[in-house]
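Visitor: Note that the protein sequences, when read in sequence, are chains H and P. When we follow my numbering, the leftmost residue of the first sequence carries the number 165, and every step to the right adds one. When we follow my numbering, the leftmost residue of the second sequence carries the number 346, and every step to the right adds one. Cβ atoms here follow ideal geometry from the backbone N, Cα and C, with glycine treated the same way. Note that this is a predicted model, so its numbers are computed, not measured. A single structure is presented below for examination.
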Amino acid sequence: MENAKILIVDDDPDLTKALKATLESKNYIVITASNSSEGMDKISTDKPDLLILDVMMATAEDGFEMARELKNDPQFKKMPILMLTAIKGRTGIDFKSSAGDRDWLPVDSFLDKPVEPQVLLAEIKRLLSPKT
Amino acid sequence: MEQDPQNTRLIKRAYWLIKLRWIAIAGVCLATFFAHNIMGVSVEDVPLYCVAAALVLENIISLLLLKRIIGASFNNAPIKKIINFQITADLVALTILLHYSGGIENPIIIYFVFHMIIASILLSVRESYLQATLAVFLISLLAVLEYKGIIPHHCLEGFVTCNMPQGIFNVLGHVFILATTLYLVVYMTSSISIQLRNQEEAYRQANIQLQQKDRIKDEYVLQLTHDIKGHLAAIQSCLSVLANGIAGPLSEQQADFVSRTHDRTKKLTKFVKALLRLTEMRLSDKFERDFFSLKDTVSIAIESVKTKTEDKNITLSSSIEPTVDKVFGNQFSIEEAITNLLLNSIKYTPTNGTVQVQVKDNGETVLVEISDTGIGIPANEIDKVFDEFFRASNARRVERDGTGLGLSIAKQTIQRHGGHIWVESQEGKWTKISFTLPKYPLRQAEKNPDSANQIINLD
């Protein structure tokens with residue numbers, strides 16, 4: 165799925181810029197937001213195909229709450245969410261063992277920060293490929 | 346609530362007291378029998394046997410009382426009550442024994458001192474003086490009643506000359522000497538035992554403080570590494586863009602420097618992540634456990650390092666005893682530990698070597714052994730391999746930039762599961778790292794908190 169639209173929600177401008185450049189090199193259309201409310205606005209207006217979400221922004225719960233909200237919204241339920249996990253110690257959530265539990269933690273994939281371009285691109289490709 | 350060490354000690358002492366009394370009971374019976382039947386001393390044996398029987402009863406009551414208390418209360422007061430009861434009953438028994446075996450002239454009167462010592466060690470100062478007062482009162486009562494002829498004076502003909510009554514001053518003198526002896530014994534023993542108790546408490550407090558300081562250090566390291574990691578993630582991501590030519594082509598020299606910077610940043614990230622993982626494990630109270638298949642976990646770990654073995658043409662074999670399956674613990678952290686140990690072995694094993702995983706059933710535990718034909722560990726460094734940041738001198742030659750945290754993390758994980766980990770090696774030839782894991786949940790006291798999450802490759 166070339167030319168897919170990807171929204172990055174992350175409060176680190178440098179990291180966002182690097183991710184944006186990486187994704188744009190593969191012809192994805194990239195939009196960015198630096199917090200969850202800005203992210204929600206852009207989701208409504210731009211309707212991205214995939215969301216890259218930082219776990220912790222203003223608070224430890226920020227990213228999770230946003231993901232939960234989206235997965236409960238019939239309009240955006242199908243949009244894949246790739247979560248970037250900076251650190252799990254602070255949130256106290258065991259990402260790995262809960263990854264399969266969609267109801268509990270509603271995201272489609274986790275990657276540990278920092279993520280190498282090859283890994284990120286492969287994961288995005290996987291998430292965007294039509295489900296069999 | 347944690348068991349107070351003083352509490353445990355008191356319970357132990359209460360049992361010790363009971364044990365001593367069994368010996369005393371045997372002593373009373375034997376001495377009575379010996380004196381009466383062999384030495385021919387004119388001793389009233391029946392009442393003495395009755396005293397021994399009463400002591401047996403006392404022991405049984407004490408045992409029953411103790412049984413009721415243990416586990417039901419963490420309070421010292423009920424145990425002290427039992428000890429007080431025992432000592433009081435002993436004093437009464439000893440007085441009656443004394444009465445039937447020659448009164449205060451029987452040298453056995455010295456045995457009152459033992460009870461004073463025991464009281465001073467186990468009980469409060471006030472309680473000890475009360476027991477001493479009771480002893481003095483009982484002895485005085487016995488002496489006065491016998492002197493006044495209100496109760497008979499039983500002579501020990503053939504052992505002590507029977508010359509009671511010898512006059513009031515003699516009686517008072519006896520009682521006075523004994524009373525001062527008992528009070529002095531209580532005074533001396535109490536002061537020593539208070540000093541010891543205070544010292545023990547001071548050590549305990551110092552230990553608690555050390556643990557708190559260690560925790561503060563861990564929290565500090567966690568905060569620090571977390572902040573560093575945030576910056577590192579941004580730096581590494583930006584460098585990746587450059588190194589991968591996403592921002593445009595670089596000259597050969599530029600590409601070389603960017604690639605070096607990128608590599609070093611990745612190593613630093615790896616180090617920071619390892620440190621973060623270790624610190625989190627130490628601090629976290631959460632540790633989800635369940636029964637999981639160790640067999641599957643070992644297979645997953647082996648699968649995950651396969652490409653690394655192929656790169657070096659290392660033969661990786663495994664044998665798992667068929668009876669080994671479920672163990673209780675956190676599957677993810679065990680998988681992480683095994684993976685890291687395998688990666689470690691592969692890293693320090695030259696090309697064409699072998700790495701072997703063996704899982705054995707040890708009954709209550711499972712034994713996992715990971716052996717390799719690698720560079721080994723110098724004999725004088727083997728004790729330090731689990732220390733944080735330690736790297737063996739020959740390991741540094743193989744790879745300059747290891748974190749020195751891999752084995753520390755593995756050790757932390759295994760210990761939190763109630764297992765043991767150890768290493769054997771011959772430098773230049775082989776290394777074998779072994780660890781045990783309990784199959785079933787441990788009792789509460791042995792549990793350790795942990796949290797388990799991301800895999801960190803420490804190669």
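1) Take K426 (chain P) as the anchor and find which of P:H444, P:S469 and P:S387 has the nearest alpha-carbon.
2) In the DSSP assignment, what are the bridge partners of L621 (chain P)?
3) Looking only at C-alpha atoms, which of H:D175, H:T196 and H:A185 sits nearest to L285 (chain H)?
4) Within this structure, are the beta carbons of K784 (chain P) and V713 (chain P) separated by less than 8 Å?
5) Give me the subset of the stretch 582–600 of chain P whose CB atoms are less than 8 Å from a CB atom of chain H, sorted by chain position.
6) Determine, using beta carbons only, whether W767 (chain P) and G719 (chain P) come nearer to each other than 8 Å.
7) Closest by CA to T526 (chain P), which one among P:F459, P:Y492 and P:G764?
8) Run down chain P in chain order and give the residues with a C-beta less than 9 Å from the C-beta of L301 (chain H).
9) Can you confirm whether P142 (chain H), when its beta carbon is compared against all beta carbons of chain P, has any partner nearer than 8 Å?
10) Taking DSSP as the reference, what is the three-state secondary structure of K169 (chain H)?
11) Does DSSP classify M247 (chain H) as helix, strand or coil?
12) Rounded to a whole number of angstroms, what is the C-alpha to C-alpha distance between L787 (chain P) and I715 (chain P)?
13) Pop quiz: L292 (chain H) and D210 (chain H) are said to be a contact at Cβ under 8 Å. What is the actual Cβ separation, rounded to whole angstroms?
14) Helix, strand or coil: which one does DSSP assign to D670 (chain P)?
15) Three or more beta-carbon pairs under 8 Å between the stretch 609–616 of chain P and the stretch 643–660 of chain P, yes or no?
16) Beta carbon of K574 (chain P), beta carbon of V617 (chain P): below 8 Å?
17) Please tell me whether N694 (chain P) and V702 (chain P) are closer than 8 Å, where the distance is taken between their beta carbons.
18) For chain P, check one thing: does any of its Cβ atoms lie closer than 8 Å to the Cβ of L246 (chain H)?
19) Going by C-alpha to C-alpha distance, which of P:A578, P:H519, P:P423 and P:A547 sits closest to V279 (chain H)?
20) What are the residues of the stretch 181–199 of chain H that lie near chain P, defined by any Cβ-Cβ distance shorter than 7 Å?
21) So what does DSSP say about L787 (chain P), is it helix, strand or coil?
22) For D795 (chain P), which residues in the same chain have their Cβ closer than 6 Å to its Cβ, ignoring the five residues on either side in sequence?
23) How do the stretch 399–417 of chain P and the stretch 360–378 of chain P stand: do at least 3 beta-carbon pairs fall below 8 Å, yes or no?
24) Work out the CA separation of C583 (chain P) and K235 (chain H) for me, nearest whole Å.
25) Looking only at its chain, what residues have a beta carbon closer than 7 Å to the beta carbon of F780 (chain P), apart from the 5 residues adjacent to it on each side?
26) Output the boundary residues of the beta strand (DSSP E) element that contains D174 (chain H).
27) What residues from chain H crowd round A434 (chain P), counting only those whose CB sits closer than 9 Å?
28) Give the C-beta separation of L362 (chain P) and I424 (chain P) to the nearest angstrom, bearing in mind that I take them to be a contact with Cβ-Cβ under 8 Å.
29) If I follow the unbroken beta strand (DSSP E) through Q701 (chain P), where does it start and stop?
30) Would you give the residue range spanned by the alpha helix (DSSP H) that D572 (chain P) belongs to?
31) Taking Cβ to Cβ, would you say E733 (chain P) is nearer than 8 Å to G751 (chain P)?
32) Helix, strand or coil: how does DSSP classify V271 (chain H) here?
33) Let me know the secondary structure DSSP gives D210 (chain H) once reduced to three states.
Guide: Quick answer:
1) On the second sequence, residue 426 (chain P) is found 81 positions in, with the first residue counted as 1. Just measuring C-alpha positions, the residue of P:H444, P:S469 and P:S387 sitting nearest K426 (chain P) is P:S469.
2) Counted from its first residue, the second sequence places residue 621 (chain P) at position 276. Beta-bridge pairing links L621 (chain P) to no other residue.
3) As a working note, residue 285 (chain H) is residue 121 in the first sequence. Looking at the Cα atoms, H:A185 is the closest of the given residues.
4) For the purposes of this step, residue 784 (chain P) is taken as the residue at position 439 of the second sequence. For the purposes of this step, residue 713 (chain P) is taken as the residue at position 368 of the second sequence. It is not a contact, given that the beta carbons lie outside the stated cut-off.
5) Cβ contacts with chain H: S582, C583, S585, V586, N589, I591 and A592.
6) As a first step, residue 767 (chain P) must be located in the second sequence, where it is residue number 422. As a first step, residue 719 (chain P) must be located in the second sequence, where it is residue number 374. Result no, Cβ atoms of W767 (chain P) and G719 (chain P) do not sit closer than 8 Å.
7) Against the second sequence, residue 526 (chain P) aligns to sequence position 181. When only C-alpha atoms are compared, the closest one is P:F459.
8) For residue 301 (chain H) there is no data in the structure shown, the boundaries of chain H being 165 and 296.
9) The structure shown does not extend to residue 142 (chain H), since chain H spans only 165 to 296, so no value can be given for it.
10) Taking the first sequence and counting its residues from 1, the one referred to as residue 169 (chain H) is at position 5. In this structure, K169 (chain H) counts as strand in the three-state DSSP scheme.
11) As a first step, residue 247 (chain H) is located in the first sequence; it is residue number 83 there, counting from the start. It is a strand residue.
12) Against the second sequence, residue 787 (chain P) aligns to sequence position 442. Against the second sequence, residue 715 (chain P) aligns to sequence position 370. When rounded, the distance between both Cα atoms is 25 Å.
13) Taking the first residue of the first sequence as 1, we reach residue 292 (chain H) at position 128. Taking the first residue of the first sequence as 1, we reach residue 210 (chain H) at position 46. About 16 Å; that fails the 8 Å criterion.
14) Your numbering for residue 670 (chain P) matches position 325 in the second sequence. Coil, per DSSP.
15) no
16) For this step, residue 574 (chain P) is matched to residue 229 along the second sequence. For this step, residue 617 (chain P) is matched to residue 272 along the second sequence. Cβ distance < 8 Å, so K574 (chain P) and V617 (chain P) count as in contact.
17) The count along the second sequence starts at 1 and reaches residue 694 (chain P) at position 349. The count along the second sequence starts at 1 and reaches residue 702 (chain P) at position 357. The amino acid occupying residue 694 (chain P) in the given sequence is Thr; Asn does not appear at that position. Taking 8 Å as the Cβ cut-off, T694 (chain P) and V702 (chain P) do not qualify as a contacting pair.
18) Translated into positions along the first sequence, residue 246 (chain H) becomes position 82. No, because no Cβ of chain P sits closer than 8 Å to the Cβ of L246 (chain H).
19) What you label residue 279 (chain H) is simply residue 115 of the first sequence in a count that begins at 1. Answer by Cα proximity: P:A578.
20) A182, L183, A185, T186 and S189
21) Mapped onto the second sequence, residue 787 (chain P) falls at position 442. The answer is coil: DSSP assigns L787 (chain P) none of H, G, I, E or B.
22) Against the second sequence, residue 795 (chain P) aligns to sequence position 450. At D795 (chain P), the pLDDT of 37 sits below 50, so the modelled position is not reliable; the number obtained from the coordinates is stated separately. Closer than 6 Å at Cβ, skipping near neighbours: M626, F632 and R761.
23) At 8 Å Cβ cutoff, the stretches touch.
24) Working through the first sequence from its first residue, we reach residue 235 (chain H) at position 71. Working through the second sequence from its first residue, we reach residue 583 (chain P) at position 238. About 31 Å.
25) Walking along the second sequence from the start, residue 780 (chain P) turns up at place 435. Excluding residues up to 5 positions away in sequence, V713, I759, G764, H765 and I766 lie with their Cβ nearer than 7 Å to the Cβ of F780 (chain P) in the same chain.
26) Numbered from its first residue, the first sequence carries residue 174 (chain H) at position 10. That residue, D174 (chain H), is in no beta strand (DSSP E); it is neither H nor E in DSSP.
27) The count along the second sequence starts at 1 and reaches residue 434 (chain P) at position 89. Those within 9 Å of A434 (chain P) in chain H number zero; the least Cβ separation is about 56 Å.
28) Taking the first residue of the second sequence as 1, we reach residue 362 (chain P) at position 17. Taking the first residue of the second sequence as 1, we reach residue 424 (chain P) at position 79. Wrong, their Cβ atoms sit about 11 Å apart, outside the cutoff.
29) Counting from 1 along the second sequence, the entry for residue 701 (chain P) is found at position 356. Q701 (chain P) -> beta strand (DSSP E) spans T699 to D706.
30) As a working mapping, residue 572 (chain P) is identified with position 227 in the second sequence. Bounds of the alpha helix (DSSP H) holding D572 (chain P) are I513 to A588.
31) If you number the second sequence from 1, residue 733 (chain P) lands on position 388. If you number the second sequence from 1, residue 751 (chain P) lands on position 406. Contact flag unset, no.
32) Translated into the one-based positions of the first sequence, residue 271 (chain H) becomes position 107. In this structure, V271 (chain H) counts as coil in the three-state DSSP scheme.
33) Position 46 of the first sequence, counted from the start, is the residue given in the question as residue 210 (chain H). Correct three-state label for D210 (chain H): helix.
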